[in-house]
Amino acid sequence: MAKIMKLFLIFVLVISLVESTLIPRQTENGDACARISVDYKKSKGDPSFSAKYSDVKECLDSIPYNRELAEKIIENVKKTLQGFYVFLSQAKEEPQPGFSFKAVDLIKELDALLLKDYTSDYRFMTDINNLFSELKDAHLNFISLCYNHFIFKQQLYLYSVINKDDIQIIKIFDDEIDHSTVDCEVTHIDGRPSMEVIKEFADTINKSKDAGARFNIALTALKINENGGHNISSSKFTIRNSLPEKSSIDYSLTGVVVIPNVMPSDSDFVNQMFELQKGFKLLEDKGVQKLIFDFNENGGGYVDLALFFVFLLFPNSSPSFHNDMVVSELSRALFDAATSRSIHENSIDTTVITPPPSFSIESLTRWAVDTANEVTDSSSNFDIFAFKDPLADRHFHTVEEFIGNNTFVRGGTPTRYTTKFVDRHSQKINILTKLLAGNFKEYKWMSEDMIILTNGNCGSSCSLITQRMAEMFNVKTVGVGGYKDTPLSYASFPGGMVYLDHALNIELEGLELFKNETLKDSLPSPFNNTVIMSFTLREVYDVNDDRVLEFTYKPAKYRLYYDEQSARDPSKLWLKVAKIFEQ
């Protein structure tokens, strides 16, 4: 049977923003943006409000392209990237076997955008975002807030299984309109084989350098919420933020331990520490001998909590990898300026710090956290006194020592990087655990008693946990989903540290570098409040200390695939994973 699924547009735009930044509104029906605004007001904020695809398309394309403004935007983006983006040179290299992405000379491609004849500002801004997506670095983003307030949503969700003939197929996971289609096979989409269409779309997603992980993100996955229930996650093929090429799609049909994120449920880190310990104690008290860590659909979160998670399971070693940053004229100026105002020039010897007497374990823990924060906290991400030399096991004393003499050829471009360092998050955990020595229970589980399960969409802080447990402690890894008979990465975008252009501008302003005439050709101008740009400021190195983790292929040791039952019930998948302990 065939079914036409209409693409609905869910309007979630703040109307005042439309009127002030997008619409030269003259009459209620004078243009598409005004029509959407009026209709939304008439709905009185109805959360189910939808607009016509034709109106949204006309609205987005109605803002004229301004070449002078475009040149300023491109120049600003280039200065930011050339000054701080740590992967700018390496992005020009071909991927390692196992990864799937295009080598990109980002500066050259940004210049090439100015050679195009754009019909609207929306198309220009979208091309910048699409160019960033080609690098498959989820920490690198360019978002125009004017155009990012529409959601294009189909009322169905897709998933992939291996059928009884050992062929990978696409099926309907859920249909909000017609439940009779659930579990029907999708043979074709717009007249083309469904696997081909999904793969093509998945390769536009920026969240992983692994094609199989991107495939999983394009489809539906379940994410376990804090209440133990399931929420639908990912499904980027049927829920999009950018304007689809057409308004409808034609579908041809034939009929454990869960870590959902590393974001604290409240702002109290100590509370989260106790919650983790309480959870592990509960498992131990129940006699649980094996642990399966389900990191599916985990986008990361709080770095300190991620490192503490690893420490609890492996308390006799440091959970840190080494970092570095790119050295440019602008970053050097920031290192100098931030360090000259640092409060950390005389680092505190933590061995002489003693806890107050007669503290309860909770009071002791809070004291230790506050002390570790005080010792490692820094008002700047460029204060070199806040970083530690991992080889000498001491803080850097000068900017020159921190920068060192480290030039690597990446992407054919000689590029300077700082000396490798341990960041303040790792230092904080190390200090915290020293202050609390003897007060943490050591669990009986060994690395061979643990298995990590992911669909590859385990990024940022989540990847810190899985990379450390797998690389440092040989915990087994299982990848689920992805492409049949193809290895799958167990983590994505480890990056190092994501940084926002807004935070950079605050740093430059606070250190008075905008007044520095010698830097005027290097300094990016602040974007207006309609653009958000993010980039990777620091990179993280592998255990062997010479490979950048972001560009190092790390496939899961074991592979599993979803079926009709395990796609809807994660416990079915956990039972399959448990059998790996017997191997």
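Those letters in the sequence shown? Residues -20 to -1, 1 to 563, per mature numbering (1 follows the signal peptide of the UniProt record, and there is no 0), in order.
In this text, a Cβ means the ideal position worked out from N, Cα and C, and glycines have one as well.
For clarity, every value in this text was computed on a predicted model and none was experimentally measured.
His159 sits in a helix when the DSSP states are folded into three classes. When secondary structure is reduced to three states using DSSP, Tyr33 falls in the helix class. Beta bridge pairing from DSSP links Cys164 with no other residue. Counting along the chain, Pro550 sits inside the alpha helix (DSSP H) bounded by residues 550 to 558.
Taking a C-beta distance under 9 Å as the contact criterion, Ile169 and Ile178 qualify as a contact pair.
In the three-state reduction of the DSSP assignment, Glu519 falls in the strand class, which pools E and B. The C-beta distance from Lys534 to Tyr470 rounds to 6 Å, short enough to fall under 8 Å. Ser124 is bridged by DSSP to Val511. Excluding the 5 residues flanking it on each side, Ser23 has same chain C-beta neighbours closer than 6 Å at Phe29, in chain order. Contact between Phe362 and Leu314 holds: CB atoms are separated by about 4 Å, below the 8 Å threshold. In the structure shown, Asp91 falls within a helical segment according to DSSP collapsed to helix, strand and coil. Checking the DSSP bridge columns, you'll see Leu115 has no partner listed. Residue state for Asn353 is assigned as helix, using DSSP reduced to three classes.
In the same chain as Tyr423, and ignoring 5 residues on each side of it, the C-beta atoms closer than 8 Å to its own belong to Phe260, Glu264, Leu292, Leu293, in chain order. Secondary structure note for Val458: its beta strand (DSSP E) is the uninterrupted segment 456 to 460.
Look at Val528 here: in three-state DSSP terms it is strand. Counting other Cβ atoms within 10 Å of its Cβ, Ala92 stays below 16 and is therefore classed as exposed.
According to the DSSP assignment, Lys408 belongs to the alpha helix (DSSP H) that extends over 404 to 415.
Excluding five sequence positions before and after Ser546, the CB atoms of its chain that fall closer than 6 Å to its own CB belong to Lys552, Leu553, given in chain order. Counting only residues of its own chain and dropping the five nearest sequence neighbours on each side, Ala348 has a CB closer than 6 Å to the CB of Leu412, Leu415, Leu416. Counting along the chain, Val478 sits inside the beta strand (DSSP E) bounded by residues 476 to 480. Per DSSP, the continuous beta strand (DSSP E) segment holding Thr387 begins and ends at 386 to 390. In the three-state scheme derived from DSSP, where H, G and I count as helix and E and B as strand, Gly490 is classed as helix. When only Cα atoms are considered, Glu225 and Leu480 end up about 30 Å apart. Annotated three-state conformation of Ala372 is coil, per DSSP.
Counting the other CB atoms within 10 Å of its CB gives Gln447 a total of 16 or more, which places it among the buried residues.
For Glu165, the closest alpha carbon among the candidates Ile147, Pro550, Phe181 is that of Ile147.
In this structure, Tyr102 lies near Ile43, with their beta-carbon atoms less than 9 Å apart. According to the DSSP assignment, Ala201 belongs to the beta strand (DSSP E) that extends over 200 to 204.
Where Lys179 is concerned, the enclosing alpha helix (DSSP H) starts and stops at 174 to 182. Asp265 has no beta-bridge partner at all, per DSSP. Between Phe273 and Met449, the C-beta gap is smaller than 9 Å, which places the two residues in contact. Residue pairing by DSSP puts Tyr397 in a beta bridge opposite Val306, Asn386. For the options Gly209, Ala372, Lys400, the alpha carbon positioned closest to that of Thr387 is the one of Lys400. If you draw a straight line from the Cα of Phe112 to the Cα of Leu223, it is about 17 Å long.
Annotation: Tyr65 is outside any alpha helix (DSSP H) and is labelled neither H nor E by DSSP.
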